[in-house]
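First to last, the sequence lines map onto chains A and B.
The first sequence begins at 32 in our numbering and counts up one residue at a time.
The second sequence begins at 325 in our numbering and counts up one residue at a time.
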Amino acid sequence: MRWWVAVAWIEELFLKGEKRVDELEVYCFSGTSVSADLKQRRVSICSSSVESGLCIRTIDKGKIGSSSTNDPQQWQACLDAAIAGGRLATPQEWRGLPDPVALPKEDLAYDPSLTVEPAMAQELLHGMLDGAAAHPEASITSGGAGISLGEITFANSHGIRYASRQSEVSVSLEAISGQSTGYEFDHAFSRALVNPEKVGEQAAFLASRSAGGQDIPTGEYDIIFSPMAYADLLSAIFVPALSGRNVLQGRSKLAGRLGETIAAPLLSLYDDPHRKGADGSTWFDAEGTPTTRLDFVRAGVLTAFAYDLKTAYRAGKISTGSAIRGGFAGLPAIGHHNFVVDGKRDELFDEPAIYVHSVVGAHTANPMSGDFSVEMSNPFRVKDGALAEPIRGAMISGNFFDLQRQVTALGKESRSVGSYILPPVKVNNVRVIGK
Amino acid sequence: MTETPGIRYYDLRQVSGQSTHIDVDMGVIESAGTTFYNKAVIRVLGPRGWGILQIDNYTPVSGKKFDELLASAEKLALAAEDTISLGDAPRTIRAVPPVKEDCRDVSIGEKAELLLAVEKAADRPLVTSRRANYLERIENVRFMDSSGSEYSYEICRSGFSVMAVASRNGTVQMGYEPDHTIHGFNLRHREDMGRKAADMAVSLLDAGLAKGGKMHAILDPELAGVFAHEAVGHASEGDLIEEGNSVLKGRTGEKIGDASLTIVDDPSLHEFGFEPVDAEGIAVARTEIIRSGKVNSFLHNRQTLAAIGNGVAGHARSMPGEPPLVRMSNTFIETGNATDEEIFAECKNGIFLAGSRGGQVDPGRGVFQFNAEYGYLIENGEKTRMVRDVSLSGEILKTLHGIVLCGKKRVMHSGYCGKGGQSVPVSDGAPLVLLRDAVVGGSGVD
């Protein structure tokens, strides 16, 4: 967070808005970014963007309205549209927007030394190409690198005036060897935390080492899910069930199970919004509620659900500071900041197993029941502590809620996958359908 | 217009508009609101590649001011190190079909009432949760390029979805019915959709789990459409071919499917993926990706047409404010001449798969996966027990040979497709098809 700089139109918005509705808030975003794309080994496109936008939310006698625009000069029309939308809303139990509190001034996910320059995007791309050179049998198909800086200004009619800055550096690379593909990525708020050479090396390694995979027979196997594979399934199936809104509305399989053991005792899942070095770290959520650590699952026991203000008031709970926005035009919704999978760490590669780097089709799972069947990408047999021969392809199927109880070990090293921070996860006796 | 010598081509695409959403949850209007947006993309092709400016809240400028924007994009283009040329293709714009009822003539209050009625229709015994959404987007598109080509049009896409969740003794299942269209307001008298979602959720409570493995499968038009999209459409996109990231690369003329199989992408069709003109100002046209089982034509933009040929330009599409990518629009398997009875008799024992929960493909590896909403076991040519959570995966080059029978009636379904962080409206469709030796995933065991 940094010091608030008074913005004239925002003060005028509150003067005008408070005469018409009980409460209001405004969330503004502005940002610049640059990115460069590879087509095979050549930089083919270089882009820059300037973004701006604001979202106004009004609350009047429990009726919530909202509107957004990417033209700050249009704030008056936006206010009118929010109030008009609010008139339509069904009134709900509402106990007020948050009051201001003193928050630390430093930005948690911002690197002040970062500049938005095409030269850095080029350097990142070339770093990946250098890394990929370790496996010359793999060809690069495409890749990208981006640097962005953004600034959030958040204010409400209770006197909150928060501002924060954020930055992001991201890289990704796709490689192919014959008909075997490899994909890897990395992202962080600082250039120093991103390793393009390793991304390049890994993408090329996966493409080259997966070539010539053999079929495996249908059966039950012990599976090591990579952080990417596990995060995909977690976000498609398990995390929606932790949303207080889904719990309240009968759409969560975990509803009514607080205090029960729902996962292996070695497993803990929590949102850690102040984590050092993590992209999603923030002192306040998308509604201005101060963030705190939220333990969803502690040693296998379900301990909490996530709430924003609206759902908390409706369910007779308090907000857990879990509101997030999908861009400036997005209304606050229940989410998380840095979702961490944690627990005792072990050496995973000691016993024979199948390692799966990613899965195809996680979003097609059934989030209500938890049933899924997905295709494995870059699966390998694990032997003698290392990846051994590649497997050509097969499906994994099962119930992801049941899988949480079958987790037998967590790997030593965690990494960031979007808003998730997690190690490789080993699950025993998973059904695999061969071809 | 003054032009810098380093600029080989430029274009500007501006999209301004508004989107309105209504979200109804358990009989309550959760939120309703409007978003106003205005986004532009300026692309400049320099000596060695593209420089692109993405500008929020763009005010049209001309003369010196516009030249300054071109110069900024040109500076970016200098960071590129590629060799790019642009193919040429016809430039005409098609008329946007007239709407039956203009969304703007209906108040947001009335829209909300109608949506509430659709959601309420899902209120049936065992249904524990209901939700419905309405989304309407009116876009004004303006395009101009350095060749003097200019066009503008307005299009409104609107639609809704309704979801029902049924529970019994710890089993939770879901039914979901969407309908999106370019033909105008579609929310009147649609309570049937709420009932359909509820019936599906309740029926699935009693459905069994399918046992995975290799078997013959009959795909309904919706799922077969997703198959055309995932298994064939993406792999035929010119940018993936150019990058070497598609198993269809270099296979023009090769027979990869049964002679009865023709798969088409047609942005000119008046379905949800309709475009009056593509995002590079190129005329849109029917493109036969697979014709009579042979790889026939790739989907192209101007750059990929020049780089690899063997296909048709006019497939560049973009989200507002984003640079165009090669995309599908309305993708479908052409009808054949098999009757439903013949398809079931030929299948004899296997599985009938219907509805879609989406899919995904790795075009370089040629592997796809998609999920059916529900299915039935087929025993002796008859549908028997209902099953749920069944998915299908396979390899593109092997699987297409397995489509041996196509029915007589094609049905299209609308939705959205994601690629490179951009989501665009599409439709997929097919007749009923028989797929031999499908790899079916399910968690059931003996």
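Backbone N, C-alpha and C define an ideal beta-carbon position, used for all residues, glycine too.
For this session: State the Cα-Cα distance for the pair S584 (chain B) and T659 (chain B), rounded to the nearest angstrom.
Result: 9 Å
Problem set entry | Among B:D563, B:V496, B:V430, B:S470, nearest to D530 (chain B) - alpha-carbon criterion | B:V496
Exercise. Expressed to the nearest angstrom, what Euclidean distance is found between the alpha-carbon atoms of T326 (chain B) and W374 (chain B)?
Worked result: With a pLDDT of 48 at T326 (chain B), under the threshold of 50, the modelled position of this residue cannot be trusted, and the question is left open.
For this session: Kindly indicate if chain A contains any beta-carbon less than 8 Å away from that of Q693 (chain B).
Result: yes
Exercise. Along the chain, which unbroken stretches of the beta strand (DSSP E) at least 3 residues long are found entirely within the stretch 38-119 of chain A?
Worked result: 54-70, 73-91, 94-100
For this session: List the residues of chain A that F362 (chain B) touches, going by C-beta distances under 8 Å, in chain order.
Result: A small correction: the amino acid at residue 362 (chain B) is Asn; Phe does not occupy that position in the sequence shown. Near N362 (chain B) (Cβ distances below 8 Å), the residues of chain A are N101, D102.
Problem set entry | Proximal chain B residues relative to M426 (chain A), where beta-carbon distance stays under 8 Å | Within chain B, the residues near M426 (chain A) are G536, Q693, S715, S717, V763, G765.
Exercise. For T100 (chain A), does the count of other Cβ atoms within 10 angstroms reach 16, so buried, or fall short, so exposed?
Worked result: Here T100 (chain A) is buried: its Cβ has 16 or more other Cβ atoms, across all protein chains shown, within 10 Å.
Exercise. In chain order, what residues of the same chain have a beta carbon less than 8 Å from the beta carbon of D664 (chain B), not counting five sequence neighbours either side?
Worked result: If we look at D664 (chain B) and ignore the five residues flanking it on each side, its Cβ neighbours are G731, L756.
Problem set entry | A115 (chain A) to L44 (chain A) span [Cα, whole Å] | 16 Å
For this session: Could you name the residues of the same chain whose beta carbon sits closer than 7 Å to that of L155 (chain A), not counting the 5 residues immediately before and after it, in chain order?
Result: Taken in chain order, the residues that qualify are A176, V202, P227.
Exercise. Who are the near neighbours of V391 (chain A) in its chain, counting only those whose CB is closer than 7 Å to its CB and skipping five residues on each side?
Worked result: V405, E406, S408
Problem set entry | Inside the stretch 296-359 of chain A only - alpha helix (DSSP H) runs reaching at least 4 residues | 340-346
Problem set entry | Proximal residues to E205 (chain A) (C-beta, below 8 Å), its chain only, five neighbours per side dropped | I171, T172, S173, G174, T212, G213, Y214, A234
Problem set entry | chain B contacts made by the stretch 287-298 of chain A, where a contact means CB separation under 7 Å | none
Problem set entry | Span separating the alpha-carbon of Q532 (chain A) from that of E82 (chain A) | Outside the modelled stretch of chain A, which goes from 32 to 466, sits residue 532 (chain A), for which no answer is possible.
Problem set entry | For I183 (chain A) and V442 (chain B), the rounded distance between their alpha carbons | 38 Å
Problem set entry | Alpha-carbon to alpha-carbon, S491 (chain B) and G287 (chain A) | 14 Å
Problem set entry | Spatially closest choice to R72 (chain A) from A:L145, A:G190, A:I207, A:N187, by CA coordinates | A:I207
For this session: Using the Cα positions of L593 (chain B) and G472 (chain B), report the straight-line distance between them to the nearest angstrom.
Result: 27 Å
Exercise. How would you list, in chain order, the residues of chain A whose beta-carbon sits under 8 Å from the beta-carbon of G690 (chain B)?
Worked result: What G690 (chain B) touches in chain A: Q210.
Exercise. If you follow the alpha helix (DSSP H) that P258 (chain A) is part of, which residue opens it and which one closes it?
Worked result: Residue range 258-264 is occupied by the alpha helix (DSSP H) that includes P258 (chain A).
Problem set entry | beta strand (DSSP E) runs wholly inside the stretch 540-590 of chain B, at least 3 long, in chain order | Runs of the beta strand (DSSP E) lying entirely within the stretch 540-590 of chain B, each at least 3 residues long, are 587-589 in chain order.
Exercise. Is there at least one Cβ from chain A nearer than 8 Å to M498 (chain B)'s Cβ?
Worked result: Closer than 8 Å to some Cβ of chain A, the Cβ of M498 (chain B) qualifies, so yes.
Problem set entry | Option in B:R461, B:A403, B:T611 with minimal Cα separation from S340 (chain B) | B:R461
Problem set entry | Interfacial residues, the stretch 666-692 of chain B to chain A, with Cβ spacing under 7 Å | R681, G682, G683, Q684, D686, G688, R689, G690, V691
For this session: Please determine, among B:S431, B:V486, B:G494, B:A631, the residue with the shortest C-alpha to C-alpha distance to I408 (chain B).
Result: B:A631
Problem set entry | Sequence-distant residues of the same chain with beta carbon closer than 7 Å to A637 (chain B), five excluded per side | G411, A413, I606, H624, N625, R626, L629
For this session: Please state if the CB of L139 (chain A) and the CB of T313 (chain A) are separated by a distance shorter than 8 Å.
Result: yes
For this session: Indicate the three-state DSSP secondary structure (helix, strand or coil) for R436 (chain A) in the structure shown.
Result: helix
For this session: Assign N381 (chain B) to buried or exposed, taking buried as 16 or more other Cβ atoms, counted over all protein chains shown, within 10 Å of its Cβ.
Result: buried
Problem set entry | Residues that DSSP places opposite R512 (chain B) in a beta bridge | Answer by DSSP bridge pairing: none, since R512 (chain B) is not bridged.
Exercise. Does the separation of the CB atoms of E54 (chain A) and R345 (chain A) fall below 8 Å?
Worked result: Contact annotation: E54 (chain A) and R345 (chain A) have beta-carbon atoms that are not nearer than 8 Å.
Problem set entry | Min CB distance T326 (chain B) to chain A below 8 Å | For T326 (chain B), the predicted structure reports a pLDDT of 48, less than 50, and the residue's modelled location is therefore unreliable. The matter cannot be settled from this model.
Problem set entry | Under the three-state DSSP convention, the category P502 (chain B) falls into | strand
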